[in-house]
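Just below is one structure, and these are the notes that go with it.
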Amino acid sequence: MTDYINHPDILVEELKNGWWAVRLNRPKSLHALDEQIVIALHSIFEYLHSNDAVKAVWFDSTTPKAFCAGGDVRKLRQLVINEEVEQAKAFFHHEYALDRLLHHYVKPVVVWGEGYVMGGGLGLFMAAPFRLVTPHSRLAMPEINIGLYPDVGATRFLADRGAIGLFIGMTGSIMTAAGAYSIGWATHMCEQGRENVLGRLTHIRWQDYPAGDYRAIDDTLNSLHRPLAAGPLQDSLDVIHSVCRGSDFMQDVQAIKGLATARSDWLRQASENLSNGSPTTAAITWLLWQWAKQHRSWNDVFTLEEEISAWKIQHADFIEGVRARLVDKDLQPAWQAQDYQTLRELFPHSVPKSEHIDSWNALLRQYGILID
Numbered sequence: 001m002t003d004y005i006n007h008p009d010i011l012v013e014e015l016k017n018g019w020w021a022v023r024l025n026r027p028k029s030l031h032a033l034d035e036q037i038v039i040a041l042h043s044i045f046e047y048l049h050s051n052d053a054v055k056a057v058w059f060d061s062t063t064p065k066a067f068c069a070g071g072d073v074r075k076l077r078q079l080v081i082n083e084e085v086e087q088a089k090a091f092f093h094h095e096y097a098l099d100r101l102l103h104h105y106v107k108p109v110v111v112w113g114e115g116y117v118m119g120g121g122l123g124l125f126m127a128a129p130f131r132l133v134t135p136h137s138r139l140a141m142p143e144i145n146i147g148l149y150p151d152v153g154a155t156r157f158l159a160d161r162g163a164i165g166l167f168i169g170m171t172g173s174i175m176t177a178a179g180a181y182s183i184g185w186a187t188h189m190c191e192q193g194r195e196n197v198l199g200r201l202t203h204i205r206w207q208d209y210p211a212g213d214y215r216a217i218d219d220t221l222n223s224l225h226r227p228l229a230a231g232p233l234q235d236s237l238d239v240i241h242s243v244c245r246g247s248d249f250m251q252d253v254q255a256i257k258g259l260a261t262a263r264s265d266w267l268r269q270a271s272e273n274l275s276n277g278s279p280t281t282a283a284i285t286w287l288l289w290q291w292a293k294q295h296r297s298w299n300d301v302f303t304l305e306e307e308i309s310a311w312k313i314q315h316a317d318f319i320e321g322v323r324a325r326l327v328d329k330d331l332q333p334a335w336q337a338q339d340y341q342t343l344r345e346l347f348p349h350s351v352p353k354s355e356h357i358d359s360w361n362a363l364l365r366q367y368g369i370l371i372d
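Under UniProt numbering, the letters of the sequence shown match residues 1 to 372, in that order.
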């Protein structure tokens, strides 16, 4: 444990009253995750879980600009280019192991989701039972822009939100705190600063709560919760349900692209993201949403995502998408498929078949993508 407490990108601090704090400390990259960070986090959370003196964990970062903006995809891209694919795959293996651990964690974890909470950061955020946002929070799964796909459990937590989740996944739309709270991604909205909230939590009188530690934390956070004005997501719910039916891929794509003339800036941006994004990312997102509506085990979700990720990072769109957005920054990706086509035509050279999840393969057969 000592080595990981001294990890330069993570701070671990014993607070008071049974609370410990875990803080991401990589501010220049908005606390982006790499393999060593997720391995270290896994060890830290295992240690805290087994330590009887620890009652609850506060999880945040050292800067208000972001809790975590996602995985270090530039590093992943370079590993693939260098033909170090197995090391790139190892990142996902360890990241999903951390997500699994947190989804099944017994002790309370409170995440302070201020600033950007995106990609792998949103995966960590969604794995905690107490998910706090502030007026400055911005949440998204923006993988459509880089040719990856919404992973880290998003296969399930997008499907859990029905048409809204499908829309968010296919467009990478950014949500405000109010939007995230309205769909249950955030559990509490806090206008008070971090230190005030943390101070209230660390002064909980545990003995006053015979119903247990979770009830104590929930009551305390409820007293701090303050509603915020509706954001663009709430103002667009009727439109989202009208364009995302989830029964035909191309119909959904064309309907979302048709929002290019919407009055709402947020809806127009969603249309632009999909129109300019990776068609294979949109397609795999749509398929995973279909699958997760019926299959809800976290273990199955992460098993399948590990296989899909191993395939997707070697797909030309991932290499090109990260190049265009984060390396050369020309914002002109040359996607493998130049336009949106039928599901079958978007996977002409490789099929994301699973070696472990038969129900996924059955879905691929249903849509004519996998032909035995």
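Yeah, the Cβ is synthetic: ideal placement off N, Cα and C, and Gly gets one too.
For ARG344 and LEU101, the gap between their C-alpha atoms comes out near 35 Å.
Inclusion of LEU228 and MET175 in the CB contact set at 8 Å is not warranted, their separation being larger than that value.
Out of ILE168, TRP335, THR261, the CA that lies nearest to the CA of MET118 is found in ILE168. Along the region 56–126, the beta strand (DSSP E) occurs as fully enclosed runs of 3 or more residues at 56–61, 66–68, 109–113, 116–118, listed in sequence order. ALA69 is a Cβ neighbour of ALA32, given a cutoff of 8 Å. When the beta-carbon positions are compared, TYR149 and THR285 come within less than 8 Å of each other. For VAL239, the uninterrupted alpha helix (DSSP H) segment begins and ends at 237–243. Here the region 74–88 does not lie against the region 118–138, with fewer than 3 beta-carbon pairs under 8 Å apart. The continuous alpha helix (DSSP H) containing VAL322 extends over residues 316–322.
Between the alpha carbons of TYR367 and SER354 lies a distance of about 15 Å. The three-state secondary structure of HIS42, taken from DSSP, is helix. For ARG138, the enclosing beta strand (DSSP E) starts and ends at 138–140. Under the DSSP definition of a beta bridge, HIS188 partners with LEU132. For the pair of segments examined, the region 142–160 was found to touch the region 120–128: the number of CB pairs separated by less than 8 Å reaches three. In chain order, ALA53, VAL54, LYS55, ALA56, TRP206 place their CB closer than 8 Å to the CB of GLY18, counting only its own chain and leaving out the 5 sequence neighbours on each side.
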